[in-house]
Structure formats: C-alpha cells, structure tokens
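First to last, the sequence lines map onto chains A and B. Residue 1 is where the first sequence starts when you use this note's numbering, and the numbers rise one by one after that. Residue 1001 is where the second sequence starts when you use this note's numbering, and the numbers rise one by one after that. Quick reminder that beta carbons are idealized off the backbone N, C-alpha and C, glycines included. What follows is a single structure, written as structure tokens, with notes after it.
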Amino acid sequence: METQTELKSTRLRHVHEALGAKMVPFAGFLMPVQYSGVNDEHLAVRNGVGLFDVSHMGEFLVRGDGALDLIQRVTSNDASKLTVGKVQYSCLPNTTGGIVDDLLVYRMQHADDHHYLLVVNAGNIRKDWDWINDHNSFDARLEDISDRMGLLAVQGPKATATLQGLFTVDLAAMAYYTAQYAEMKGVGLVLISATGYTGAGGYEVYVPNDLLEKAWNAIMAAGAPHGIKPCGLAARDTLRLEMGFCLYGNDIDDSTSPLEAGLGWITKFTKEFTNSAALKAQKEAGVKRKLVGFELLDRGIPRHGHSVVDASGAVIGTVTSGTHSPSLQKPIGLAYVPAALAAPGSELLIDVRGKVLRARVVGLPFYKAPA
Amino acid sequence: MNFPADLKYTKDHEWIRLEGGEAVVGITEFAQSELGDIVFVDIGTEGQEVDQHAVFGTVEAVKTVSDLFMPLKGTVLAVNPALADDPASVNKDPYGAGWMVRIKPADPSQVAGLMSADEYRAHVGH
C-alpha cells in the first residue's frame, strides 16, 4: 500500500498566502518559494533588508554533563572552543566518508552550563535525530524542539536598523556568530543570533511558534521604513550560492567528503570524531576531487546534475548547484572537479542539456559586498 | 490573469497569433508567472521546420528551465532579437514585447486543435 506523507507548514502559512507567495513543497514542508519575484527579493537583501520564514529548520537541545562529549563525537568542528553565546558551523560526518548533515552548534546561556542547541536541515531532522541518539553513549539529554520553534531570518545591510527598535540590547555590538536571549518588544523572549545564509549580514531570530506571527508582524512593521520585503526560498538559494555556501542535498550529501567540499576549515583533527581517522588520512593523501565555483563563459544556465566533461566528452565531474546570479547578472555554479582542475582560472566544459559550454573556475565567494 | 481572446493556446502554455499566412508564438502570462524571473531564452531553430508539439527552444528562469513547444508544424522565420538583451520582457509583456518566434505554419488546419482563451483559462484554473 502506498502511503502519502502529509506536508507540514509553518505557523505563518496563512500570512505567506495573504502576501501572495507561491507555495511549494520543500523538505516535507509547504514553504513560500517567492513573493514579488526572486530577483527583486534577492536585491532587497543585498541592498536593504529581507525577511525569511525558515521555521522548517530543525532544532535539538543537548544538555547534561555529557553534552559536549557527545557533540565532539558526532561533529567535525571543535565545539570545545565555544564559549557561552558563541555559534559554530559544523557537520556530522558519517562512517563512509560522507556527511549526514551540516548544522550550527550554539553554546547557550544556562544555569547548568552544559547546554547546546543544534540547528539542522529540515529534510534531515529524522535522520540527524536518529544518528545523534545512536551515538549518545555519554548520557546527554536530547530534546527535539523543532515542532515548537519558529525561525525568522532578517538579512541585509539594513537588518540592524530594522531590528534595533525592537530590542534593548545593542545589536550592532553583537559579533558575527554570536547569539543571546533577548526580549523582543511586544513579542516576548527570543534567541537572536548574528548569523545567516545570505552573506548580506543580519540576524536569525528563534521564536517559539506561539509568538511567531507577532514577531513576523513586528519585524515587517519595523522594516517598512527600510523597504523590507518578504523573501522566499528561491532568493535564499541564489543568495547562498553567490556566497558559495553549501546546500545539503545539492553540494554535500552522504557521499561527499567535507574535505572535498571545501569544509576542511570545520574539520578539526584536534579531537576524535566519527570517521576522523579516515578523513585525516584523506587530508594527508590529498583529495581527488574538489568542489569549486565556476562562471559560464558561454550563454546558458548550469543546473544541479549537469556533467563536467573533458574535450573528448567523457564525464569528469558534476555540477551540484547553478543559477543565474541576480547580483552579478551572469551564470554561476558549483561543481566537483578533479583536483588538477580546481585552481581559479582553470577552464572547464559543462554539458548543459546536450550543449557543451565553456566555463572558468573562480574563487569563492562569487559576490563580494562593496566595502 | 490575462488571456487575450484573439489568441489560440496550447496545453503546454504557448500562445499563437495568426497574422495572414504567418503566426507569432510566445508563452502565456500563466507560464511566465510559474517560471518566475526569466533570464535566458535559447532558440536555435531559426530557419528550420519544426513539427507540431516538438521542442523549438528553451526558456531559463532563475530557478528552473522549461522547453518551448511548437503549437503548429511550421518553419521558424525569425526569433525575437530583443530577448537576447532583455529576456525579462517575457515576464513583463508576454503577449507583446516578449514574443518568441515568428513562424510559417505548414498546415493551418492544425489551428482547429488548439484551445480558445476560455478553454485555456479553464485548463490552468485561473
């Protein structure tokens, strides 16, 4: 018998629909993919401020004396470096050389001081939950709070101006990749985090679901003088791709090594973790393929799944993400290529639906904010 | 949504306007709205005869790519030259500045199999 999985939605579904959003299924959720249009929303974030509902993301609390030991065991980055209020990008390696998920690790302010928040991809909530629990020989207390926690991303150069009036804490003084609990005026207690997935600066605000609509409305009102726009998943994707940020399921997955994916900087061999010996050996031997950024030199748009080919047409790599960059107005993408072709300036050939187009490897990020 | 009554439509969301012995083809307002911001229109069939329902080009939006299908068998006489510099005109003016190709239909009787504006509106549910 066939079973159909019912789509979840965030608490803001009716708000998105009233704003005219186009809603699509994504990672088991019905999510807004765009409102006014991907280019318009993208440029609002680059030049002003945009608001994203990313409440589909998963959140796990890890507490107790064994919390740090568990996190150190399952993640690749060194969580012992986290002081209270600090955030770290990390990944969960699997035992076969790939990645279970990428995630953020927060060390939280709390009386017992063994209190972490893990923020994971919506499509991997179940997989991550099982994976982490299976490795919990440390008696850490795990709690999945995904179903009661909302998340709003306020991104762009005018994000601080938008949010400051809603908080008494000095937002401009918050360092990148730090977070704190704070009272949001007219809403309640939230966790505000100086993080994001756009490269445009700004904040992510964790809001209990019961307060989520109040928070959305307060941010939209506070951002109105700054031209705030609601933004969907399409703009989130073009923004992250211009920065060269990996998207799980596209650029990284169960079969890609963090070292191949350019995530060596979050793979710390100062401790033991899942598959660390094999990854260390891979690092010492050198990876055979690397994830690189490229620009198409011919007209066309590269897409996930297109092949990188050599002059004879043989497949030598794979495009993992591609789009037309709204900021740069040119076709860009990420691809796994042989290590010998990974240096910026290397010429590539991409098979775009039967047409072989010329491309050139470029350094990341594609987009650099004006100074 | 606007579906002009003087055009004929396909289930694949192309429109066709008959002008004497020739015809102009584009995509509908519904199609451009579903695609989102269009960034590249690739039509390599100029001068060729293309069968009815066969692919005559592709349209690339930021998020996705879609094939373009011939409403009628015919020869592609011209591709809209303005689309190279302004593909977004397909979003802004799908029935005007955003036209795709001018064709010479091989068998004008095929028009009878296309949808009217009302039939197309019912087809897309708008």
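Within chain A, the residues that B:Lys-1008 reaches when beta carbons sit closer than 9 Å:
Per Cβ cutoff of 9 Å: no residues; B:Lys-1008 is ~27 Å from chain A at best.
Using CA coordinates, which residue listed in A:Ala-278, A:Thr-10 and A:Cys-246 is at the minimum distance from A:Lys-290?
If we check each option's Cα against that of A:Lys-290, A:Cys-246 comes out closest.
Pull out every residue of the region 1058-1092 of chain B whose Cβ sits closer than 7 Å to any Cβ of chain A, in chain order.
Going along the region 1058-1092 of chain B in chain order, one finds Glu-1060, Val-1062, Lys-1063 and Val-1065 with a Cβ nearer than 7 Å to chain A.
Who are the near neighbours of A:Leu-279 in its chain, counting only those whose CB is closer than 8 Å to its CB and skipping five residues on each side?
In its chain, beyond the 5 residues on either side, Ser-76, Pro-93, Gly-97, Ser-257, Pro-258, Leu-259, Thr-267 and Phe-269 have a beta carbon closer than 8 Å to the beta carbon of A:Leu-279.
Which same chain residues, not among the five before or five after A:Asn-275, have their C-beta less than 6 Å away from its C-beta?
Within its own chain, the residues whose Cβ lies closer than 6 Å to the Cβ of A:Asn-275, once the five positions on either side in sequence are excluded, are Pro-93 and Thr-95, listed in chain order.
For the beta strand (DSSP E) containing A:Ser-137, list its first residue and its last residue.
Element bounds for A:Ser-137: n/a, residue is neither H nor E.
Rounding to the nearest angstrom, what Cα-Cα distance links A:Leu-311 and B:Ala-1054 in this structure?
Strictly speaking, residue 311 of chain A in this sequence is Ala, with Leu absent from that position. Looking at the backbone, the Cα of A:Ala-311 and that of B:Ala-1054 are separated by about 30 Å.
What are the partner residues of A:Ser-321, as DSSP defines its beta bridges?
Per DSSP, A:Leu-334.
Going by beta carbon distance, what residues of the same chain come within less than 8 Å of A:Thr-318, once the five residues before and after it are set aside?
Sequence-distant Cβ neighbours of A:Thr-318 in its own chain, meaning closer than 8 Å and more than five residues away, are Gly-305, His-306, Ser-307, Val-308, Ala-335 and Tyr-336.
I want to verify the contact list: residues of chain B whose CB lies under 9 Å from the CB of A:His-324, in sequence order.
Asp-1037, Val-1039, Phe-1040, Glu-1060, Ala-1061 and Val-1062, listed in chain order.
At least three beta-carbon pairs within less than 8 Å, the region 49-65 of chain A to the region 214-233 of chain A
Three or more pairs of CB atoms, one per stretch, sit closer than 8 Å, so the region 49-65 of chain A contacts the region 214-233 of chain A.
Near-chain B residues of the region 74-89 of chain A (beta-carbon distance less than 7 Å), N- to C-terminal order:
Identification of residues in the region 74-89 of chain A having a C-beta nearer than 7 Å to some C-beta of chain B yields an empty set.
By the 10 Å Cβ neighbour count, where 16 or more other Cβ atoms means buried, how is B:Asp-1118 classified, buried or exposed?
That one is exposed.
Give the C-beta separation of A:His-42 and A:Thr-238 to the nearest angstrom, bearing in mind that I take them to be a contact with Cβ-Cβ under 8 Å.
Sure, about 5 Å apart at Cβ, within 8 Å.
Residues of the region 215-240 of chain A whose Cβ lies closer than 8 Å to any Cβ of chain B, in chain order
Within the region 215-240 of chain A, the qualifying residues are Ala-234, Asp-237 and Thr-238.
Buried or exposed: which applies to B:Ala-1023, given that a residue is buried once 16 or more other Cβ atoms fall within 10 Å of its Cβ?
B:Ala-1023 is buried by the Cβ-count criterion.
Cβ neighbours of B:Gly-1096 in the same chain (closer than 7 Å, five flanking residues each side left out)
So no residue of the chain qualifies.
Just to confirm my understanding: we take A:Val-62, look at its own chain, exclude 5 residues before and 5 after, and list those with CB closer than 7 Å. What are they?
The answer, listed in chain order, is Leu-70, Ile-71, Tyr-116, Leu-118, Ala-140 and Leu-142.
Determine the direct distance from the alpha carbon of A:Glu-272 to that of A:Gly-14, and round the result to whole angstroms.
Checking the displayed sequence, the identity of residue 14 of chain A turns out to be His instead of Gly. Roughly 46 Å separates the two Cα atoms.
Identity of the residue in A:Gly-199, A:Ala-200 and A:Lys-214 nearest A:Tyr-206 by Cα
Comparing Cα positions, the closest option is A:Lys-214.
Does the beta carbon of A:Leu-117 fall short of 6 Å from some heavy atom of the ligand COA?
As for the ligand COA, it is missing from this structure, which has no ligand bound.
Return the residue from the list A:Leu-191, A:Met-220 and A:Pro-225 that minimises the CA-CA distance to A:Asn-209.
Shortest Cα-Cα distance from A:Asn-209 to any of A:Leu-191, A:Met-220 and A:Pro-225 involves A:Leu-191.
Who are B:Val-1025's beta bridge partners in DSSP?
DSSP lists B:Ile-1016 and B:Val-1101 as partners of B:Val-1025.
Hey, is the region 1097-1104 of chain B in contact with the region 1065-1085 of chain B, meaning 3+ C-beta pairs nearer than 8 Å?
Segment contact: the region 1097-1104 of chain B against the region 1065-1085 of chain B, three or more CB-CB distances shorter than 8 Å; contact assigned.
Cα-Cα separation, A:Gly-196 to A:Pro-344:
If I take the Cα positions, the gap works out to 26 Å.
What does A:Arg-303 reach in chain B if we use C-beta pairs closer than 7 Å?
In chain order, Val-1065 make up the part of chain B whose C-beta sits under 7 Å from the C-beta of A:Arg-303.
Rounded C-alpha distance that separates A:Tyr-177 from A:Asn-250
The straight-line gap from Cα to Cα measures roughly 24 Å.
Quick one: which unbroken alpha helix (DSSP H) runs of 4-plus residues sit fully inside the region 13-100 of chain A? Chain order, please.
Whole alpha helix (DSSP H) segments, 4+ residues: 13-18, 38-47 and 67-74.
Using a C-beta cutoff of 7 Å, does A:Asn-47 count as contacting chain B?
Not one chain B Cβ lies under 7 Å of A:Asn-47.
Would you say A:Asp-134 and A:Tyr-248 are within 7 Å of each other, going by their C-beta atoms?
No, they are not a contact pair.
Among residues of its own chain, excluding the 5 on either side of A:Leu-211, which ones have a beta-carbon nearer than 6 Å to its beta-carbon?
For A:Leu-211, where only same-chain residues beyond five positions count, the Cβ hits under 6 Å are Val-187 and Gly-188.
To which residues of the same chain is A:Val-38 closer than 8 Å at the C-beta, ignoring the five residues directly before and after it?
Answer for A:Val-38: Gly-232, Ala-234, Ala-235, Thr-238 and Pro-326, listed in chain order.
Residues that A:Arg-299 contacts on chain B, provided the C-beta gap is smaller than 9 Å
Those within 9 Å of A:Arg-299 in chain B are Phe-1040, Asp-1042 and Ala-1084.
Counting pairs of Cβ atoms below 8 Å between the region 158-173 of chain A and the region 78-88 of chain A, do you hit three or more?
Not touching, per the Cβ criterion.
Counted within 10 angstroms of its Cβ, other Cβ atoms place B:Pro-1004 as buried (16 or more) or exposed:
Per the 10 Å Cβ criterion, exposed.
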